[in-house]
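Written out below as C-alpha coordinates is the structure these notes cover.
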Amino acid sequence: MAKIGFIGTGIMGHPMAANLQKAGHSLLLSEHHGKAPADLIAAGAVALASPKEVAQEAEFVIIMVPDTPQVEDVLLRADGVAAGIGKGKIVIDMSSISPTATKAFAAKINEKGAQYLDAPVSGGEVGAKAATLSIMVGGDSQAFERALPLFQSMGKNITLVGGNGDGQTAKVANQIIVALNIQAVAEALLFAAKNGADPAKVREALMGGFASSKILEVHGERMIKGTFDPGFRINLHQKDLNLALSGARELGINLPNTASTQQVFSTCSAIGGANWDHSALIKGLEHMANFSIRENQ
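Following this line, the structure appears as C-alpha coordinates:
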(Lines of atoms letter the chains of each structure in order from A and count residues from 1; the text may use other names and numbers.)
(Lines give C-alpha, C1' and ligand atoms only; values in the text may rest on other atoms or scores of the structure.)
Protein backbone atom coordinates (compact mmCIF):
# COMPACT_ATOMS: atom_id res chain seq x y z
CA MET A 1 0.00 0.00 0.00
CA ALA A 2 1.32 3.41 -0.98
CA LYS A 3 1.48 6.81 0.69
CA ILE A 4 -0.17 9.09 -1.87
CA GLY A 5 -0.38 12.85 -2.01
CA PHE A 6 -3.55 13.87 -3.85
CA ILE A 7 -3.97 17.49 -4.93
CA GLY A 8 -7.28 18.47 -6.55
CA THR A 9 -10.39 16.91 -5.03
CA GLY A 10 -13.10 18.37 -7.28
CA ILE A 11 -15.81 16.65 -9.33
CA MET A 12 -13.35 14.09 -10.71
CA GLY A 13 -10.57 14.12 -8.14
CA HIS A 14 -12.75 13.53 -5.09
CA PRO A 15 -14.10 10.11 -6.15
CA MET A 16 -10.70 9.14 -7.58
CA ALA A 17 -9.08 9.86 -4.22
CA ALA A 18 -11.87 7.98 -2.44
CA ASN A 19 -11.24 4.91 -4.60
CA LEU A 20 -7.55 4.98 -3.69
CA GLN A 21 -8.59 5.03 -0.04
CA LYS A 22 -10.95 2.11 -0.57
CA ALA A 23 -8.06 0.15 -2.09
CA GLY A 24 -6.11 0.61 1.14
CA HIS A 25 -3.75 3.43 0.20
CA SER A 26 -3.15 6.31 2.61
CA LEU A 27 -3.81 9.87 1.44
CA LEU A 28 -2.14 13.19 2.10
CA LEU A 29 -4.14 16.25 0.99
CA SER A 30 -3.04 19.85 0.51
CA GLU A 31 -5.18 22.65 1.93
CA HIS A 32 -3.38 25.48 0.10
CA HIS A 33 -6.49 26.11 -2.03
CA GLY A 34 -9.27 25.13 0.38
CA LYS A 35 -10.33 22.73 3.11
CA ALA A 36 -9.85 19.03 2.43
CA PRO A 37 -13.09 17.05 1.95
CA ALA A 38 -14.45 15.98 5.32
CA ASP A 39 -15.33 12.46 4.19
CA LEU A 40 -11.75 11.77 3.05
CA ILE A 41 -10.38 13.09 6.35
CA ALA A 42 -12.89 10.97 8.28
CA ALA A 43 -11.69 7.92 6.34
CA GLY A 44 -8.09 8.56 7.41
CA ALA A 45 -6.62 11.13 5.01
CA VAL A 46 -4.20 13.67 6.51
CA ALA A 47 -4.45 17.36 5.59
CA LEU A 48 -1.24 19.35 5.14
CA ALA A 49 -0.74 23.05 4.51
CA SER A 50 0.94 23.02 1.09
CA PRO A 51 1.89 20.92 -1.95
CA LYS A 52 5.50 21.10 -0.74
CA GLU A 53 4.61 19.36 2.52
CA VAL A 54 2.59 16.76 0.62
CA ALA A 55 5.54 16.06 -1.69
CA GLN A 56 7.92 15.74 1.23
CA GLU A 57 5.76 13.09 2.92
CA ALA A 58 4.35 11.11 -0.03
CA GLU A 59 5.81 8.40 -2.26
CA PHE A 60 3.48 9.39 -5.12
CA VAL A 61 1.94 12.82 -5.75
CA ILE A 62 -1.21 12.86 -7.92
CA ILE A 63 -2.47 16.15 -9.36
CA MET A 64 -6.03 16.51 -10.67
CA VAL A 65 -6.80 20.18 -11.39
CA PRO A 66 -8.65 21.98 -14.23
CA ASP A 67 -5.98 23.37 -16.57
CA THR A 68 -2.32 24.03 -17.37
CA PRO A 69 -1.94 27.18 -15.18
CA GLN A 70 -3.26 25.32 -12.13
CA VAL A 71 -0.82 22.44 -12.69
CA GLU A 72 2.02 24.93 -13.04
CA ASP A 73 0.98 26.62 -9.80
CA VAL A 74 0.78 23.35 -7.84
CA LEU A 75 4.17 22.24 -9.15
CA LEU A 76 6.21 25.43 -9.23
CA ARG A 77 4.83 27.88 -6.63
CA ALA A 78 7.25 28.71 -3.82
CA ASP A 79 5.69 26.02 -1.61
CA GLY A 80 4.85 23.74 -4.52
CA VAL A 81 5.50 20.11 -5.29
CA ALA A 82 8.87 20.76 -6.92
CA ALA A 83 10.13 22.39 -3.70
CA GLY A 84 9.41 19.22 -1.73
CA ILE A 85 9.89 16.37 -4.18
CA GLY A 86 12.99 14.19 -4.14
CA LYS A 87 14.74 11.13 -5.50
CA GLY A 88 12.69 7.96 -5.93
CA LYS A 89 9.32 9.71 -5.88
CA ILE A 90 6.79 9.92 -8.73
CA VAL A 91 4.61 12.87 -9.71
CA ILE A 92 1.48 11.86 -11.64
CA ASP A 93 -0.51 14.59 -13.37
CA MET A 94 -3.98 13.28 -14.17
CA SER A 95 -5.31 16.68 -15.30
CA SER A 96 -5.98 17.37 -18.99
CA ILE A 97 -3.45 20.01 -20.03
CA SER A 98 -1.02 21.11 -22.75
CA PRO A 99 1.30 18.35 -24.05
CA THR A 100 4.02 20.96 -24.63
CA ALA A 101 3.81 22.33 -21.08
CA THR A 102 3.76 18.76 -19.76
CA LYS A 103 7.19 18.08 -21.25
CA ALA A 104 8.57 21.20 -19.55
CA PHE A 105 7.01 20.24 -16.20
CA ALA A 106 8.44 16.73 -16.47
CA ALA A 107 11.93 18.13 -17.08
CA LYS A 108 11.73 20.27 -13.92
CA ILE A 109 10.59 17.32 -11.81
CA ASN A 110 13.28 15.08 -13.30
CA GLU A 111 15.89 17.67 -12.27
CA LYS A 112 14.88 16.96 -8.67
CA GLY A 113 15.66 13.25 -9.11
CA ALA A 114 11.98 12.27 -9.24
CA GLN A 115 9.97 10.84 -12.14
CA TYR A 116 6.94 12.29 -13.90
CA LEU A 117 3.94 10.64 -15.52
CA ASP A 118 1.22 12.46 -17.40
CA ALA A 119 -1.90 10.34 -17.02
CA PRO A 120 -5.09 12.15 -18.11
CA VAL A 121 -8.37 10.28 -17.88
CA SER A 122 -11.58 9.78 -19.82
CA GLY A 123 -14.91 8.59 -18.46
CA GLY A 124 -16.28 11.60 -16.63
CA GLU A 125 -17.71 11.74 -13.14
CA VAL A 126 -19.50 8.42 -13.66
CA GLY A 127 -16.23 6.67 -14.51
CA ALA A 128 -14.41 8.38 -11.64
CA LYS A 129 -16.99 7.14 -9.13
CA ALA A 130 -17.12 3.63 -10.58
CA ALA A 131 -13.31 3.36 -10.93
CA THR A 132 -13.74 2.58 -14.63
CA LEU A 133 -11.76 5.49 -16.09
CA SER A 134 -9.64 5.12 -19.20
CA ILE A 135 -6.14 6.31 -18.31
CA MET A 136 -3.66 7.42 -20.99
CA VAL A 137 -0.11 7.55 -19.66
CA GLY A 138 3.07 9.22 -20.88
CA GLY A 139 6.43 8.64 -19.21
CA ASP A 140 9.06 6.12 -18.19
CA SER A 141 8.01 2.46 -18.34
CA GLN A 142 9.48 1.62 -14.92
CA ALA A 143 7.65 4.54 -13.30
CA PHE A 144 4.49 3.35 -15.05
CA GLU A 145 4.87 -0.15 -13.59
CA ARG A 146 5.34 1.29 -10.09
CA ALA A 147 2.24 3.44 -10.48
CA LEU A 148 0.09 0.76 -12.14
CA PRO A 149 -1.58 -0.49 -8.91
CA LEU A 150 -2.73 3.09 -8.26
CA PHE A 151 -4.14 3.40 -11.77
CA GLN A 152 -5.92 0.06 -11.35
CA SER A 153 -7.70 1.45 -8.28
CA MET A 154 -9.13 4.27 -10.40
CA GLY A 155 -9.61 2.85 -13.89
CA LYS A 156 -9.93 -0.13 -16.21
CA ASN A 157 -8.41 0.71 -19.60
CA ILE A 158 -4.86 1.76 -18.73
CA THR A 159 -2.36 2.33 -21.55
CA LEU A 160 1.25 3.49 -21.57
CA VAL A 161 1.13 5.54 -24.78
CA GLY A 162 4.74 6.69 -24.91
CA GLY A 163 6.99 9.32 -23.36
CA ASN A 164 6.09 12.44 -21.40
CA GLY A 165 3.45 14.44 -23.24
CA ASP A 166 2.09 11.46 -25.16
CA GLY A 167 -0.59 10.78 -22.54
CA GLN A 168 -1.81 14.34 -22.89
CA THR A 169 -1.69 14.07 -26.68
CA ALA A 170 -3.90 10.96 -26.49
CA LYS A 171 -6.35 12.81 -24.23
CA VAL A 172 -6.61 15.73 -26.66
CA ALA A 173 -7.32 13.21 -29.43
CA ASN A 174 -9.99 11.63 -27.22
CA GLN A 175 -11.63 15.00 -26.65
CA ILE A 176 -11.74 15.72 -30.38
CA ILE A 177 -13.57 12.43 -30.98
CA VAL A 178 -16.00 12.95 -28.10
CA ALA A 179 -16.83 16.54 -29.10
CA LEU A 180 -17.43 15.68 -32.75
CA ASN A 181 -19.61 12.72 -31.76
CA ILE A 182 -21.68 14.94 -29.47
CA GLN A 183 -22.18 17.40 -32.31
CA ALA A 184 -23.12 14.59 -34.72
CA VAL A 185 -25.75 13.22 -32.32
CA ALA A 186 -27.10 16.71 -31.60
CA GLU A 187 -27.39 17.60 -35.28
CA ALA A 188 -29.10 14.28 -36.06
CA LEU A 189 -31.68 14.66 -33.29
CA LEU A 190 -32.33 18.29 -34.21
CA PHE A 191 -32.81 17.33 -37.87
CA ALA A 192 -35.18 14.51 -36.92
CA ALA A 193 -37.28 16.60 -34.53
CA LYS A 194 -37.53 19.58 -36.89
CA ASN A 195 -38.69 17.16 -39.60
CA GLY A 196 -41.56 16.04 -37.36
CA ALA A 197 -40.15 12.74 -36.07
CA ASP A 198 -40.03 11.81 -32.39
CA PRO A 199 -36.32 12.22 -31.45
CA ALA A 200 -36.61 9.58 -28.72
CA LYS A 201 -37.88 7.02 -31.24
CA VAL A 202 -35.20 8.05 -33.75
CA ARG A 203 -32.53 7.55 -31.10
CA GLU A 204 -34.01 4.14 -30.26
CA ALA A 205 -33.88 3.13 -33.92
CA LEU A 206 -30.33 4.35 -34.40
CA MET A 207 -29.10 2.47 -31.34
CA GLY A 208 -29.59 -0.77 -33.27
CA GLY A 209 -27.49 0.23 -36.27
CA PHE A 210 -24.04 1.40 -37.33
CA ALA A 211 -24.70 4.86 -35.87
CA SER A 212 -24.87 3.39 -32.37
CA SER A 213 -22.35 4.82 -29.90
CA LYS A 214 -21.88 5.52 -26.21
CA ILE A 215 -22.51 9.20 -26.98
CA LEU A 216 -25.84 8.38 -28.67
CA GLU A 217 -26.78 6.11 -25.78
CA VAL A 218 -25.89 8.38 -22.85
CA HIS A 219 -25.77 11.93 -24.18
CA GLY A 220 -28.55 11.38 -26.70
CA GLU A 221 -30.84 10.53 -23.80
CA ARG A 222 -29.67 13.63 -21.93
CA MET A 223 -30.47 15.79 -24.96
CA ILE A 224 -33.97 14.35 -25.23
CA LYS A 225 -34.73 14.65 -21.51
CA GLY A 226 -32.96 18.01 -21.09
CA THR A 227 -30.87 16.78 -18.14
CA PHE A 228 -27.75 18.93 -18.43
CA ASP A 229 -26.34 18.92 -14.90
CA PRO A 230 -22.60 18.67 -15.44
CA GLY A 231 -20.70 15.47 -15.52
CA PHE A 232 -18.19 17.27 -17.76
CA ARG A 233 -18.70 20.99 -18.19
CA ILE A 234 -18.76 22.77 -21.54
CA ASN A 235 -16.06 25.23 -20.45
CA LEU A 236 -13.70 22.33 -19.70
CA HIS A 237 -14.36 20.75 -23.08
CA GLN A 238 -13.70 24.14 -24.68
CA LYS A 239 -10.36 24.18 -22.86
CA ASP A 240 -9.49 20.78 -24.33
CA LEU A 241 -10.49 21.81 -27.85
CA ASN A 242 -8.37 24.94 -27.46
CA LEU A 243 -5.43 22.60 -26.80
CA ALA A 244 -6.30 20.70 -29.98
CA LEU A 245 -6.62 23.83 -32.11
CA SER A 246 -3.50 25.51 -30.75
CA GLY A 247 -1.59 22.26 -31.24
CA ALA A 248 -2.89 22.04 -34.81
CA ARG A 249 -1.54 25.52 -35.50
CA GLU A 250 1.87 24.49 -34.15
CA LEU A 251 1.81 21.38 -36.37
CA GLY A 252 0.56 23.22 -39.46
CA ILE A 253 -2.56 21.08 -39.85
CA ASN A 254 -6.25 21.91 -40.17
CA LEU A 255 -8.96 20.49 -37.88
CA PRO A 256 -12.08 22.00 -39.46
CA ASN A 257 -14.69 19.94 -37.65
CA THR A 258 -13.02 20.51 -34.28
CA ALA A 259 -13.15 24.26 -34.98
CA SER A 260 -16.84 24.01 -35.91
CA THR A 261 -17.73 22.18 -32.70
CA GLN A 262 -15.79 24.73 -30.67
CA GLN A 263 -17.93 27.48 -32.20
CA VAL A 264 -21.12 25.71 -31.11
CA PHE A 265 -19.72 25.34 -27.58
CA SER A 266 -18.99 29.09 -27.71
CA THR A 267 -22.65 29.71 -28.60
CA CYS A 268 -23.65 27.70 -25.52
CA SER A 269 -21.33 29.79 -23.36
CA ALA A 270 -22.73 33.00 -24.83
CA ILE A 271 -26.27 32.02 -23.78
CA GLY A 272 -25.18 31.19 -20.22
CA GLY A 273 -24.22 27.55 -20.57
CA ALA A 274 -20.49 27.45 -19.78
CA ASN A 275 -21.21 25.19 -16.80
CA TRP A 276 -23.75 22.95 -18.52
CA ASP A 277 -22.82 19.36 -19.28
CA HIS A 278 -21.17 19.07 -22.70
CA SER A 279 -24.19 17.12 -23.97
CA ALA A 280 -25.95 20.52 -23.84
CA LEU A 281 -24.10 21.42 -27.05
CA ILE A 282 -27.51 20.72 -28.61
CA LYS A 283 -28.83 23.86 -26.91
CA GLY A 284 -26.39 25.91 -29.00
CA LEU A 285 -27.74 24.33 -32.18
CA GLU A 286 -31.33 24.81 -30.96
CA HIS A 287 -30.60 28.45 -30.22
CA MET A 288 -29.37 29.00 -33.78
CA ALA A 289 -32.35 27.09 -35.21
CA ASN A 290 -34.90 28.77 -32.90
CA PHE A 291 -36.27 25.29 -32.28
CA SER A 292 -36.11 22.94 -29.27
CA ILE A 293 -36.37 19.16 -29.69
CA ARG A 294 -38.02 19.00 -26.23
CA GLU A 295 -40.51 21.88 -26.45
CA ASN A 296 -41.83 21.27 -29.96
CA GLN A 297 -43.05 17.68 -29.65
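Quick note on the working numbering: the sequence shown kicks off at 1018 and runs consecutively.
Just so you know, even glycine gets a beta-carbon here, dropped at the ideal spot from N, CA and C.
| Query | Result |
| --- | --- |
| Contact defined as beta carbons within less than 8 Å: I believe Ala1059 pairs with Lys1020. What is the distance between those atoms, to the nearest angstrom? | Actually they are not in contact, since the Cβ atoms of Ala1059 and Lys1020 sit about 19 Å apart, beyond 8 Å. |
| Can you round the beta-carbon distance between Leu1298 and Ile1199 to whole angstroms, since I take them to be within the 8 Å contact cut? | 5 Å |
| Taking a contact to mean a Cβ-Cβ separation below 9 Å, would you say Val1195 touches Ser1229 in this structure? | no |
| Can you tell me whether Pro1068 is buried or exposed? The criterion is at least 16 other CB atoms within 10 Å of its CB, across all chains shown. | buried |
| Taking all protein chains shown into account, do 16 or more other C-beta atoms lie within 10 angstroms of the C-beta of Val1098, making it buried, or fewer, making it exposed? | buried |
| Tell me, please, whether the stretch 1145–1162 touches the stretch 1116–1135 by the rule of three or more beta-carbon pairs shorter than 8 Å. | yes |
| Can you find a CB in chain C that lies within less than 9 Å of the CB of Pro1032? | Absence of chain C from the displayed structure is noted, only one protein chain being present. |
| Classify Asp1084 as helix, strand or coil using the three-state DSSP reduction. | coil |
| Locate the beta strand (DSSP E) running through Ala1064, then write down its first and last residues. | Val1063 to Leu1065 |
| Which first and last residues belong to the alpha helix (DSSP H) in which Asp1135 is found? | It is not in any alpha helix (DSSP H) - Asp1135 instead sits in the beta strand (DSSP E) that spans Gln1132 to Asp1135. |
| Please state if the CB of Glu1204 and the CB of Leu1302 are separated by a distance shorter than 9 Å. | yes |
| Per the contact definition of three or more C-beta pairs closer than 8 Å, is the stretch 1041–1056 in contact with the stretch 1100–1113? | no |
| Can you list, in chain order, the residues of its chain with a C-beta nearer than 6 Å to that of Arg1239? Leave out the 5 residues immediately preceding and following it. | Ser1296 |
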